[in-house]
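There are 2 protein chains.
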Amino acid sequence: MLSERQRMILSAIVDDYIRSAEPVGSRSISKRSDVSFSPATIRNDMADLEELGLLEQPHTSAGRIPSIKGYRYYVDHLIQLGGVKEQDVRRLRGLVAEKMNHWEGAVSHAATIVSQLTNYTSIVLGPDSFHTSLKHFQLLPLTDTTAVAIVVANTGHVEHRTITLPEGVGMDDMRRIAGLLNEKLTGVPFYKVKTVLYTEVANELRSYIDHCEHILSLLEDTLKEETEPKVFLSGATNILTQPEFKDVDKVKGILDVLEETPRLMQLFQSLSEGIQVRIGTENGVEAINQCSLVTATISADGQLLGTIGILGPTRMEYGKVIGLLDYLSGDLTRLYNRLYK
Amino acid sequence: MLSERQRMILSAIVDDYIRSAEPVGSRSISKRSDVSFSPATIRNDMADLEELGLLEQPHTSAGRIPSIKGYRYYVDHLIQLGGVKEQDVRRLRGLVAEKMNHWEGAVSHAATIVSQLTNYTSIVLGPDSFHTSLKHFQLLPLTDTTAVAIVVANTGHVEHRTITLPEGVGMDDMRRIAGLLNEKLTGVPFYKVKTVLYTEVANELRSYIDHCEHILSLLEDTLKEETEPKVFLSGATNILTQPEFKDVDKVKGILDVLEETPRLMQLFQSLSEGIQVRIGTENGVEAINQCSLVTATISADGQLLGTIGILGPTRMEYGKVIGLLDYLSGDLTRLYNRLYK
DNA sequence: ATTAGCACTCATGATCGTTGAGTGCTAACG
DNA sequence: CGTTAGCACTCAACGATCATGAGTGCTAAT
Numbered sequence: 215m216l217s218e219r220q221r222m223i224l225s226a227i228v229d230d231y232i233r234s235a236e237p238v239g240s241r242s243i244s245k246r247s248d249v250s251f252s253p254a255t256i257r258n259d260m261a262d263l264e265e266l267g268l269l270e271q272p273h274t275s276a277g278r279i280p281s282i283k284g285y286r287y288y289v290d291h292l293i294q295l296g297g298v299k300e301q302d303v304r305r306l307r308g309l310v311a312e313k314m315n316h317w318e319g320a321v322s323h324a325a326t327i328v329s330q331l332t333n334y335t336s337i338v339l340g341p342d343s344f345h346t347s348l349k350h351f352q353l354l355p356l357t358d359t360t361a362v363a364i365v366v367a368n369t370g371h372v373e374h375r376t377i378t379l380p381e382g383v384g385m386d387d388m389r390r391i392a393g394l395l396n397e398k399l400t401g402v403p404f405y406k407v408k409t410v411l412y413t414e415v416a417n418e419l420r421s422y423i424d425h426c427e428h429i430l431s432l433l434e435d436t437l438k439e440e441t442e443p444k445v446f447l448s449g450a451t452n453i454l455t456q457p458e459f460k461d462v463d464k465v466k467g468i469l470d471v472l473e474e475t476p477r478l479m480q481l482f483q484s485l486s487e488g489i490q491v492r493i494g495t496e497n498g499v500e501a502i503n504q505c506s507l508v509t510a511t512i513s514a515d516g517q518l519l520g521t522i523g524i525l526g527p528t529r530m531e532y533g534k535v536i537g538l539l540d541y542l543s544g545d546l547t548r549l550y551n552r553l554y555k
Numbered sequence: 215m216l217s218e219r220q221r222m223i224l225s226a227i228v229d230d231y232i233r234s235a236e237p238v239g240s241r242s243i244s245k246r247s248d249v250s251f252s253p254a255t256i257r258n259d260m261a262d263l264e265e266l267g268l269l270e271q272p273h274t275s276a277g278r279i280p281s282i283k284g285y286r287y288y289v290d291h292l293i294q295l296g297g298v299k300e301q302d303v304r305r306l307r308g309l310v311a312e313k314m315n316h317w318e319g320a321v322s323h324a325a326t327i328v329s330q331l332t333n334y335t336s337i338v339l340g341p342d343s344f345h346t347s348l349k350h351f352q353l354l355p356l357t358d359t360t361a362v363a364i365v366v367a368n369t370g371h372v373e374h375r376t377i378t379l380p381e382g383v384g385m386d387d388m389r390r391i392a393g394l395l396n397e398k399l400t401g402v403p404f405y406k407v408k409t410v411l412y413t414e415v416a417n418e419l420r421s422y423i424d425h426c427e428h429i430l431s432l433l434e435d436t437l438k439e440e441t442e443p444k445v446f447l448s449g450a451t452n453i454l455t456q457p458e459f460k461d462v463d464k465v466k467g468i469l470d471v472l473e474e475t476p477r478l479m480q481l482f483q484s485l486s487e488g489i490q491v492r493i494g495t496e497n498g499v500e501a502i503n504q505c506s507l508v509t510a511t512i513s514a515d516g517q518l519l520g521t522i523g524i525l526g527p528t529r530m531e532y533g534k535v536i537g538l539l540d541y542l543s544g545d546l547t548r549l550y551n552r553l554y555k
């Protein structure tokens, strides 16, 4: 549909605009060493590209900037994936050595590094616990009336919660409850826990404890928290260095989304496997219509172990970011297999 | 040193400026219903107050704004503590019911509410583990070569870490190590753990395990992480609504400090008990010279259980903030005593 | 000691040309 | 027919100039 020259021009405009954040004129393209057309020719093509909705003009006497559709075409057809630099590889390798004994730590640390390498914001979603299962459950007495409930998932993730016991539940009861729960719940996927809790566990519990409803609801609460994936953020303020966000009001909306976990997770809904790019309004969240989000899922054996997202302006270095995330997701998958399999 | 009228004028200027964020002129003070002096009289006093370093003039033909010294005088001598509103009390009470089974959760949730009530940023430091002691230690096997180490403090706080075991350490060894650690370390304050680990524990461990140095250093790492207090943030973007921070560059520096935990903790160094106010440069951190920090410690039985800080512009509603923190610290102390004592 | 009067200062905002980057169109060119 | 030189046109950005008015400091009267 597009001529070879038009594709070349679109690519040049996107590249230039990503670098400079300023509208690109026909003359500056014509001056590139790999271009041998006059500004006038390029202007004609630019007019065509604008008619196709791939370019926009901020005002009559300015150059062109890519539209969302233009970025989309660029990402789908024209992009050149950036290789990962030698020094960046070394940097990312470092995390393997440093945080290898803490899966979530490794993932979030990786995200921190990526946010530093790219100067964008990185967002990490912890394991989707829908697919993880319970490895161990324990009640630890703290005082006469309180205990710490500790839940260990098979990913090595640990969640804890202090609970206040109802009157009349002693140390022995506690130990028996913990034993029972371990027996019944070990290996059970999280999404089934509630069911098991209220059928098998409840029956047995009722036989030797009175107020077991209260205890059950406490346990359910404890386990529910585990179901919600954890979110890590890094480099949130990087957005402030982008020239298009030098206006505080625009930035406020974005940072607000980043601060509220539920709204943040909305961004990650209905993502499919692998690397995905969502440009501007494609995100479907009003406040970040001026941003793009590149996401990569990390998984092993069909189990989703985490999602890393990079949020930047629509004028984002897509090639570099995609290259980095591609490398990283492979590396983390390898790390996981070595550690937990 | 200051005349009654001068104190009144200073107080009026600070109040007005806190509300409007604009330099206060003599005429606007004279118009207040509780003032019966002409603008000229007030101007004379204002000149005196400026000479004393309590007021400043942005430029010759503008009104006055308080200097840091001026705010200091205001906070020390003139402030009227704001009572806590009925609805705010109800809001804060809610957290007692909601999060009562999770100490750190309760504290950080309280901070979230305060940041919403005040429209400033709230920063929470978890318990200073220098004074907390070890309640329980446990090793939980995960795979053949990995295990989860779980540390429980007497505040009910739980820390965990996945560690990779050296070759040749089996399930039995693990159980024995955990037993030994529990025996030797229970009740030991964190700042003594390292010593005990390398004397008592090391001796016994050496008798039946070979590579115990490796294990010991792993354990030390695990426990070290616990020593660093946790930091929670809420309402970081509130600073963006302040008119004096409508310039992105000023804000960037502040948000950068908030994002980096170590720099953030620097702010909380050398705080004494109770409520403290640090105005502008008194904070000693370059990037937040335009901000004030009000902190309140929460403690019971001489044990420091947490610190809540409110960060806002120097033009902060000191009375309201101090009132809130005062109420809150009392409330949280009561909550703690009921739960863990 | 207080206040009215007045000259003076200076940030703010509006108006108005100037500049220059960039365009679209037309006509000439190979 | 595709490409290009030439040219008139547009318009954001910038700087200079000026009027406005809020607020001051000083002096002299009360």
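As given, the protein sequences belong to chains A and B, one line each in that order. Okay, so the first sequence: first residue is 215 according to the working numbering, each after it adds one. Okay, so the second sequence: first residue is 215 according to the working numbering, each after it adds one. Ideal Cβ positions, reconstructed from N, Cα and C, are used throughout, including at glycine. Just so it is clear, the structure is predicted and the values come from calculations on it, not from any experiment.
Note: G537 (chain B) is not bridge-paired with any residue in the DSSP secondary-structure output.
Taking a C-beta cut-off of 7 Å against chain B, the contacting residues of the stretch 427–453 of chain A are A450, T451, listed in chain order.
Residue A:L539 holds the alpha-carbon nearest to the alpha-carbon of E487 (chain A) among A:L539, A:Q456, A:L216, A:R246. Using a Cβ-Cβ cut-off of 9 Å, I327 (chain B) does not count as an interface residue toward chain A, since no Cβ of chain A sits closer than that to its own. Per the coordinates, the alpha-carbon of S234 (chain B) lies some 11 Å from the alpha-carbon of E458 (chain B). The shortest C-alpha to C-alpha distance from L447 (chain A) to any of A:L469, A:D463, A:L266, A:D435 is the one to A:L469. Put simply, of A:L472, A:E473, A:L432, A:S322 the residue whose alpha carbon is nearest the alpha carbon of A361 (chain A) is A:L432.
The C-alpha of L549 (chain A) is placed about 15 Å away from the C-alpha of T521 (chain A).
Distances from the CA of V499 (chain A) to each of A:Q490, A:A514, A:T509, A:Q483 were compared; the closest alpha carbon is that of A:Q483. Classified as exposed, P476 (chain B) has fewer than 16 neighbouring CB atoms from the shown chains inside 10 Å of its CB. Of all alpha-carbon atoms in B:S250, B:P403, B:D248, B:I243, the one lying nearest the alpha-carbon of M260 (chain B) is that of B:I243. Listed by position along chain B, the residues whose Cβ is nearer than 7 Å to that of H374 (chain A) are V372.
Contact between the stretch 350–359 of chain A and the stretch 500–510 of chain A is absent, with fewer than three C-beta pairs closer than 8 Å.
In the structure shown, D248 (chain A) falls within a coil segment according to DSSP collapsed to helix, strand and coil. Between the alpha carbons of D461 (chain B) and T509 (chain B) lies a distance of about 26 Å. For H350 (chain A), the chain B residues whose Cβ falls inside 7 Å of its Cβ are L354, in order along the chain.
Within chain B, the residues A450, T451, L454, L469 have their CB atoms less than 9 Å from the CB of L469 (chain A), given in chain order.
Going by beta carbons, K444 (chain A) and E318 (chain A) fall inside the 9 Å limit. For E473 (chain B), the chain A residues whose C-beta falls within less than 7 Å of its own C-beta are A450, T451, listed in chain order.
Neighbours of L268 (chain A) in chain B, taken as residues whose beta carbon is under 7 Å from its own, are absent, since the nearest beta carbon is some 31 Å off. Rounded to the nearest angstrom, the gap between the Cα atoms of G516 (chain A) and Q490 (chain B) is 53 Å. Collapsing the DSSP output to three states places H374 (chain A) in a strand.
Fully enclosed alpha helix (DSSP H) runs of no fewer than 4 residues occupy 475–480 of the stretch 473–502 of chain A, in order along the chain. Here DSSP, grouped into helix, strand and coil, assigns T360 (chain B) to strand.
Taking H350 (chain A) as reference, the option from A:A392, A:K464, A:S506 with the minimal CA-CA separation is A:A392. Within chain B, no residue has its CB atom less than 8 Å from the CB of I227 (chain A), the nearest being about 27 Å off. Among the bridge pairs identified by DSSP, A514 (chain B) is matched with B:Q517.
Fully contained in the stretch 397–460 of chain B are the following beta strand (DSSP E) runs of length 3 or more, in chain order: 445–448.
Looking from the CA of S217 (chain B), the closest CA among B:P253, B:L263, B:S250, B:I227 belongs to B:L263.
Between the stretch 330–341 of chain A and the stretch 215–232 of chain B there are fewer than three C-beta pairs closer than 8 Å, too few to call the two in contact.
Per DSSP, reduced to three states, the secondary structure at R278 (chain A) is strand. In terms of CA proximity to M479 (chain A), A:N497 leads the group A:K466, A:N497, A:Q352, A:T528. In the DSSP annotation of this structure, the continuous segment of the alpha helix (DSSP H) that includes V328 (chain B) starts and ends at 317–332.
The stretch 283–301 of chain A and the stretch 527–546 of chain A touch, with three or more beta-carbon pairs separated by less than 8 Å.
Under the three-state reduction of DSSP, L546 (chain B) is assigned to helix. DSSP places V471 (chain A) within a helical segment (H, G or I) once states are collapsed to three.
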